[in-house]
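Enquirer:
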Amino acid sequence: MRNDLASLKQSAKESVASQSAALRKIALDIHDNPELGFKEKQAAGWLTAHLKQNGFAVEMGIADLPTAWKATYGSGKPVIAFVGEYDALPEVGHACGHNLIATASVGAAVAAKTLADKFGGTVVMIGTPAEELYGGKIPMVKKGIFNGLDAAMLVHPGSDSTAITRALAVVTLYIEYFGREAHAAAHPEQGINALDAMIIGYNGVTALRQHIEPSARLHGIITDGGKAANVVPGHAAGTFLVRAMTMKYLEELKERVLNCFRAGALATGAELSYHWDEHAYEPLLPNFTLAGLFAENIRSLGRDIELDDCSHAFGSTDMGNVSCVAPSLHGFLAIAPKGVSGHTKEFAAYAASEEGIKGMLDAAAGIAMTAADLFSNPETLVKVRSEFEKALK
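In structure tokens form, the structure reads like this:
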């Protein structure tokens with residue numbers, strides 16, 4: 001059994017190696033042609049073309065999202081899914097390395113075909129748009145796209161390597177105040193200052209930061225503060241993010257943050273208008289069974305990786321929503337030196353570098369080898385499912 005598994009993993013590595021030229025071209029083409037969320041037509045085309053050439057049936061426009069798609073090979077259980085992101089950021093392009101994420105997952109899906117042939121079951125590749133600004137996976141989760149999966153796997157490039165990612169729940173709050181304009185020098189008493197209301201609310205949030213759980217995060221920007229310095233601002237607006245380790249604490253923080261902005265309205269007489277984004281990112285539920293397999297496979301490729309690097313910077317991802325409906329892996333592999341932050345031009349350069357391509361190919365091999373662990377051992381699948389179900393309680 002052990003030798004058979006080793007042979008399966010060697011086959012997965014060889015498949016990724018045989019695809020390397022094609023995968024490199026796809027990753028660099030996506031990098032050179034960055035597309036924002038829900039506009040990733042070229043990226044979706046290049047990725048799905050490779051899958052079609054390798055025998056996958058592709059369904060475009062799933063979940064009523066034109067650039068979302070699903071590619072399938074085989075039938076029946078288990079159903080092992082690879083997940084891809086391919087949207088870019090405004091101004092800095094692929095500064096989060098999504099060109100590498102999607103391409104690695106596509107390469108892994110192709111490498112896993114032989115597993116479905118040998119053991120029965122299904123290999124699925126799910127293309128998910130607009131992770132960065134809109135949480136594209138969230139409506140896909142709500143439409144049931146991730147239901148029935150035995151595992152969903154994705155590897156993100158970064159400056160550290162870890163098999164488990166800690167990600168916070170997050171929701172966006174949009175704030176507006178409506179006051180009354182007046183001449184700021186001649187008749188200030190006739191005005192109601194919407195900007196003052198916003199500043200009071202903003203400062204309230206700043207004070208609140210001292211008294212929340214250490215893992216929680218509150219931050220935001222003022223997007224409108226008035227028209228001219230000599231006019232009492234009649235309108236002010238801002239966008240704020242509330243993050244927490246659990247959905248329960250997120251709900252508690254939402255009310256406390258909102259009270260800060262209610263105070264601004266009460267103090268100034270301005271009218272408060274607000275709405276919460278309907279798509280909240282859920283916290284990422286780790287699956288230590290999946291992560292342990294992935295870490296072992298990555299180490300076999302000659303890379304160092306932590307199982308659970310608790311010092312890894314907190315962020316948020318819509319993969320968290322996926323992890324609440326299917327056992328999930330969201331690993332990180334280093335393609336840049338420590339201290340190089342994602343969402344910067346410097347990191348965007350690494351996403352097209354030799355280090356980036358090497359990381360992408362190792363990621364593809366690592367999750368394809370993890371698929372071999374799952375397909376070849378039903379007991380492992382049971383353990384993954386059991387851990388997942390316990391985490392939901």
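Each residue of the sequence shown is one higher than the last, beginning at 1 in the UniProt record's numbering.
We treat Cβ as the ideally placed atom computed from N, Cα and C, and that holds for glycine.
Bear in mind the structure is a predicted one, so any value in this text is a computation, not a measurement.
(1) Who does S273 pair with in a DSSP beta bridge?
(2) In three-state DSSP terms, what is Y73?
(3) Going by other Cβ atoms of all chains shown within 10 Å of its Cβ, with 16 needed for buried, is P161 buried or exposed?
(4) Spatial neighbours of A391 within its chain, please: C-beta separation below 8 Å, excluding the five flanking residues on both sides.
(5) Which whole runs of the beta strand (DSSP E) in the stretch 122 to 209 are 3 residues long or more, in chain order?
(6) When burial is assigned at 16 or more other CB atoms within 10 Å of the CB, is N230 buried or exposed?
(7) State the start and end residues of the unbroken alpha helix (DSSP H) segment that holds T114.
(8) Please name the residue, chosen from M369, S105, E252, T344, that lies closest to G93 on a Cα-to-Cα basis.
(9) At the level of alpha carbons, what is the spacing between A112 and T223?
(10) Looking at the strands, I want to know which residues DSSP matches up with E85.
(11) According to DSSP, which residues form a beta bridge with R243?
(12) Return the Cβ separation of G201 and G264 in integer angstroms, given the expectation that the two are a contact with Cβ distance under 8 Å.
(13) Sort I175, I335, I367 by Cα distance to E354 and report the nearest one.
(14) Can you give the Cα-Cα distance for T317 and A81, rounded to whole angstroms?
(15) Given a threshold of 16 other Cβ atoms within 10 Å of its Cβ, counted over all protein chains shown, does P378 qualify as buried or as exposed?
(16) Cβ of M360 within 8 Å of Cβ of L100?
(17) If we ignore side chains and look at the alpha-carbon of each, how far apart do L51 and Y281 end up?
(18) Would you call the stretch 318 to 331 in contact with the stretch 129 to 146, where contact means no fewer than 3 C-beta pairs closer than 8 Å?
(19) Just to confirm the assignment, what range does the beta strand (DSSP E) spanning S328 have?
(20) Measuring straight from C-alpha to C-alpha, what distance separates G315 and L8?
(21) Grab the span of the alpha helix (DSSP H) containing L51 for me, first residue to last.
(22) Where does the unbroken alpha helix (DSSP H) through V322 begin, and where does it stop?
(23) With 16 as the cutoff for other CB atoms within 10 Å, does residue 471 come out buried or exposed?
(24) Thinking C-alpha only, which one of L374, A244, A194, L195 is nearest R209?
(25) The alpha helix (DSSP H) that contains E387, what's its start and end?
(26) Just to confirm my understanding: we take E176, look at its own chain, exclude 5 residues before and 5 after, and list those with CB closer than 6 Å. What are they?
(27) Give a yes or no on whether the C-beta atoms belonging to V106 and M125 are separated by under 8 Å.
(28) Do A352 and the ligand SAM come close, with the Cβ less than 7 Å from some heavy atom?
(29) Would you tell me roughly how many angstroms separate the C-alpha atoms of T172 and W276, rounded to the nearest one?
(30) Hey, quick one: how far does the alpha helix (DSSP H) through E346 stretch, first residue to last?
(31) Would you decide whether I221 is buried or exposed? Buried here means 16 or more other CB atoms lie within 10 Å of its CB.
Expert: The short version:
(1) Walking along the sequence shown from the start, residue 273 turns up at place 273. DSSP output for S273 lists E176 as bridge partner(s).
(2) Within the sequence shown, the letter at position 73 stands for residue 73. The three-state secondary structure of Y73, taken from DSSP, is strand.
(3) Locating residue 161 in the sequence shown gives position 161, where the first residue counts as 1. For the record, residue 161 in the displayed sequence is Ser; it is not Pro. In the assembly as shown, S161 is a buried residue. Its beta-carbon has 16 or more other beta-carbons within 10 Å.
(4) What you label residue 391 is simply residue 391 of the sequence shown in a count that begins at 1. Beyond the five residues adjoining it in sequence on each side, A391 comes within less than 8 Å, by CB distance, of L285, P286, N287 in the same chain, given in chain order.
(5) Runs of the beta strand (DSSP E) lying entirely within the stretch 122 to 209, each at least 3 residues long, are 151 to 158, 162 to 164, 169 to 178 in chain order.
(6) The sequence position of residue 230 within the sequence shown is 230, counting from 1. Classification for N230: exposed.
(7) Along the sequence shown, one-based indexing puts residue 114 at 114. 113 to 119 is the extent of the alpha helix (DSSP H) around T114.
(8) Reading the sequence shown from its first residue, position 93 is the one you call residue 93. Comparing Cα positions, the closest option is T344.
(9) Walking along the sequence shown from the start, residue 112 turns up at place 112. Walking along the sequence shown from the start, residue 223 turns up at place 223. Roughly 47 Å between the two C-alpha positions.
(10) Residue 85 sits at position 85 when you count from the first residue of the sequence shown. In DSSP, E85 forms a bridge with T128.
(11) Residue mapping note: residue 243 aligns to position 243 of the sequence shown, counting from 1. The partner list for R243 (beta bridge, DSSP) reads V170, R217.
(12) Translated into the one-based positions of the sequence shown, residue 201 becomes position 201. Translated into the one-based positions of the sequence shown, residue 264 becomes position 264. The pair is a contact, with the Cβ atoms about 4 Å apart (cut-off 8 Å).
(13) Taking the sequence shown and counting its residues from 1, the one referred to as residue 354 is at position 354. Selection I175, I335, I367 evaluated against E354 yields I335 as nearest (Cα-Cα).
(14) Counting from 1 along the sequence shown, the entry for residue 317 is found at position 317. Counting from 1 along the sequence shown, the entry for residue 81 is found at position 81. T317 and A81: Cα-Cα distance of roughly 18 Å.
(15) What you label residue 378 is simply residue 378 of the sequence shown in a count that begins at 1. Burial call: exposed.
(16) Translated into the one-based positions of the sequence shown, residue 360 becomes position 360. Translated into the one-based positions of the sequence shown, residue 100 becomes position 100. Yes. Within cutoff.
(17) In the sequence shown, counting from the first residue as 1, residue 51 sits at position 51. In the sequence shown, counting from the first residue as 1, residue 281 sits at position 281. Whole-angstrom Cα-Cα distance: 29 Å.
(18) Verdict: yes, contact present.
(19) Stepping through the sequence shown from its first residue, residue 328 is reached at position 328. Here the beta strand (DSSP E) through S328 covers 328 to 334.
(20) Position 315 of the sequence shown, counted from the first residue, corresponds to residue 315. Position 8 of the sequence shown, counted from the first residue, corresponds to residue 8. Taking the straight line from one Cα to the other gives about 35 Å.
(21) Taking the sequence shown and counting its residues from 1, one reaches residue 51 at position 51. For L51, the enclosing alpha helix (DSSP H) covers residues 41 to 53.
(22) By 1-based counting over the sequence shown, the position of residue 322 is 322. V322 -> alpha helix (DSSP H) spans 319 to 323.
(23) Residue 471 falls outside the range modelled here, since the chain spans only 1 to 393, and no answer is possible.
(24) Position 209 of the sequence shown, counted from the first residue, corresponds to residue 209. When the alpha-carbon of R209 is set against those of L374, A244, A194, L195, the nearest one is in A244.
(25) For the purposes of this step, residue 387 is identified with residue 387 of the sequence shown, where counting begins at 1. E387 -> alpha helix (DSSP H) spans 378 to 392.
(26) Position 176 of the sequence shown, counted from the first residue, corresponds to residue 176. The answer, listed in chain order, is A237, S273.
(27) For the purposes of this step, residue 106 is taken as the residue at position 106 of the sequence shown. For the purposes of this step, residue 125 is taken as the residue at position 125 of the sequence shown. Their beta carbons are under 8 Å apart, which means V106 touches M125 by this criterion.
(28) The model depicted lacks the ligand SAM and carries no ligand whatsoever.
(29) Along the sequence shown, read from residue 1 onward, the residue named residue 172 stands at position 172. Along the sequence shown, read from residue 1 onward, the residue named residue 276 stands at position 276. Cα to Cα, T172 sits roughly 6 Å from W276.
(30) Working through the sequence shown from its first residue, we reach residue 346 at position 346. Annotation: the continuous alpha helix (DSSP H) that includes E346 extends over 345 to 350.
(31) Residue mapping note: residue 221 aligns to position 221 of the sequence shown, counting from 1. I221 should be labelled exposed.
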